[in-house]
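Residue numbers (the working numbering): 15 to 424.
Right, dumping it as C-alpha cells:
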C-alpha cells in the first residue's frame with residue numbers, strides 16, 4: 015500500500031516527511047493530497063485485517079544524488095528558456111504581422127499566453143524544489159494568498175490549452191464544412207471564445223482559494239490542500255473528464271468529420287476547381303498544424319493526467335511493488351508535461367512557413383523602425399541647428415543695417 019497503516023500517526027507522519035516531497039509535485043496538476051485526509055484515512059483503516067502493511071523504509075533510498083539534482087536543474091532550465099523565448103516570439107510575430115491575425119492564430123496566441131505561465135511561475139518553483147527544500151518561504155497573510163494563487167494560476171495552463179484546442183478545431187470544422195457561412199462570422203466572436211476559455215477554467219479552479227493553505231510540517235511551512243473528506247477525489251475525476259477525456263473525444267469526432275468532408279469534396283464537380291483546390295490546400299496546411307499540436311499535447315499531458323487519474327481511482331493505495339518506482343514515474347510524466355510549452359513554438363516555426371516568414375518580417379520591421387526613429391531624431395537635431403544658424407545670420411544682417419549711416423547710398 016502507498017500509505018503505511020499503523021495504530022498511531024507516527025509512521026504516517028514519517029511517511030509524509032520522506033515521501034511527500036516526491037509525491038507533491040505530481041499532484042500539482044488538478045489536485046493535491048490533503049495531510050488531514052491522509053491521517054483520517056489511516057484512522058479509518060487501522061483495524062482492517064485485509065490491509066497489507068508496507069514498511070516505511072522499503073525503498074533503499076529517499077535521498078537524491080547531486081548528479082541527479084544538477085541534471086534535473088539543467089533540463090528544467092533549458093525548458094524554461096526555450097518555452098519563454100519561443101512563446102514570446104509567437105506572440106511577437108502575430109502582433110507584428112496583420113496578415114497573420116487569423117482565427118487559428120488567435121487561438122495559438124491564447125495558448126502561447128497560457129503556456130508562458132509555466133516558465134514564468136511553475137518552472138522556477140519546480141527548480142527551487144529540486145535544488146532545495148519544499149519549504150514555502152513566504153509566511154503570513156501574503157504567504158497564504160500566494161499559496162492559493164500560485165497553484166490556482168499554475169493549473170490553469172493545461173485546461174486553457176485544452177479548451178483552446180477544441181475551439182480551434184471547431185473553427186476548422188466550420189471552415190471546411192461551411193466555407194461560405196464561416197467567412198461571414200464576425201471577427202469579435204473569437205474574442206468571446208478566448209475569454210470563455212479563461213472564464214470557464216478560472217471558475218472551475220476557484221475552489222483552490224478555499225482548499226489550499228499553509229501547513230506546518232516539522233520546522234517548515236508547506237503549501238498543501240485541506241480538502242474536506244474525499245472531495246479532492248471528486249474534483250480530480252471531474253477535471254480529468256471535463257478537460258482531458260471529453261475534449262479529446264470531441265477532437266477525434268471533429269477531425270474525423272473534417273477528413274471525411276475533405277475526402278468527399280475531392281471528388282466534386284469541375285466547377286470552380288482551381289478555387290476549391292486552393293481552399294483545400296490552405297485547409298489541409300492549417301489542419302496539419304492543428305492536428306500536430308493536438309497530438310503533442312496528448313503525448314505531453316496525457317501520461318501525467320493518466321497517472322493522476324489512476325491514483326485517484328485507486329484512492330492512492332498503490333501496490334507495494336510500484337511504490338518505489340512511483341517517484342521516477344512522477345519525474346518522467348511531469349517532465350513531459352512541462353516540455354509542452356517549449357515544443358509548441360518549435361512546431362509553429364518548423365511546420366509553418368508563414369511563421370518563419372513572419373518572424374523575418376517582424377524582425378526587419380523592428381530594426382527598420384528603430385533606424386527610422388534614429389534618423390528622424392538626427393534630422394530633427396540638424397534642423398534645429400540649421401534654424402539657429404539662420405536666426406543668428408538674420409540677426410547679424412539686421413544689426414549691420416541699423417548701424418549703417420542713413421542716406422549713405424546718396
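The beta-carbon is built from N, C-alpha and C at its ideal position, and this holds for glycine as well. Note that this is a predicted model, so its numbers are computed, not measured.
Neighbour-count burial assignment, residue i, 16 or more Cβ in a 10 Å radius
i	result
residue 358	buried
residue 146	exposed
residue 48	Any reading at residue 48 must be qualified, since the residue scores a pLDDT of 37, below 50, and its modelled position is unreliable; no value is offered.
residue 95	exposed
residue 348	buried
residue 194	exposed
residue 203	exposed
residue 153	exposed
residue 303	buried
residue 98	buried
residue 320	exposed
residue 88	exposed
residue 344	buried
residue 338	exposed
residue 224	exposed
residue 113	exposed
residue 326	buried
residue 79	exposed
residue 260	exposed
residue 336	exposed
residue 208	buried
residue 164	buried
Beta-carbon proximity check, residue i vs residue j, cutoff 8 Å
i	j	result
residue 93	residue 137	yes
residue 314	residue 351	yes
residue 428	residue 111	Look at the range of the chain in this structure, 15 to 424, and you will see that residue 428 is not part of it.
residue 425	residue 170	Residue 425 cannot be examined here, being either before or after the span of the chain that is shown, 15 to 424.
residue 241	residue 150	no
residue 134	residue 362	no
residue 189	residue 366	no
residue 3	residue 369	Not covered by the structure: residue 3. The range shown for the chain is 15 to 424.
residue 222	residue 166	yes
Residue of the options minimising C-alpha distance to residue i
i	options	result
residue 124	366, 174 and 330	174
residue 84	217, 234, 141 and 118	141
residue 226	246, 212 and 275	246
residue 375	99, 203 and 109	109
residue 104	329, 119 and 90	119
residue 180	307, 116, 217 and 244	307
residue 162	335, 239 and 231	239
residue 117	346, 198, 324 and 79	198
residue 237	266, 244, 158 and 259	158
7 Å Cβ shell around residue i - same chain, five flanking residues per side excluded
i	result
residue 268	183, 184 and 187
residue 101	126, 129, 130, 355 and 359
residue 312	262
residue 160	152
residue 211	124, 174, 177, 178 and 181
residue 168	42, 131, 135 and 136
residue 215	170, 173, 174 and 177
residue 300	118 and 186
Start and end residues, beta strand (DSSP E) containing residue i
i	result
residue 231	226-231
Own chain partners of residue i with C-beta closer than 6 Å, once the 5 adjacent residues on each side are dropped
i	result
residue 191	275
residue 257	173 and 176
residue 86	144
residue 265	183 and 308
For residue i, the first and last residue of its enclosing alpha helix (DSSP H)
i	result
residue 212	202-219
residue 344	340-365
residue 84	80-110
residue 114	No alpha helix (DSSP H) holds residue 114; DSSP gives it neither H nor E.
residue 239	Note, residue 239: premise wrong, no alpha helix (DSSP H); beta strand (DSSP E) at 234-239.
residue 133	No alpha helix (DSSP H) contains residue 133, which DSSP labels as neither H nor E.
residue 147	No alpha helix (DSSP H) contains residue 147, which DSSP labels as neither H nor E.
residue 165	154-168
residue 248	245-254
residue 336	334-337
Cβ-based neighbour list, residue i, same chain, cut-off 8 Å, excluding 5 preceding and 5 following
i	result
residue 271	187 and 191
residue 277	none
residue 310	354, 357, 358 and 361
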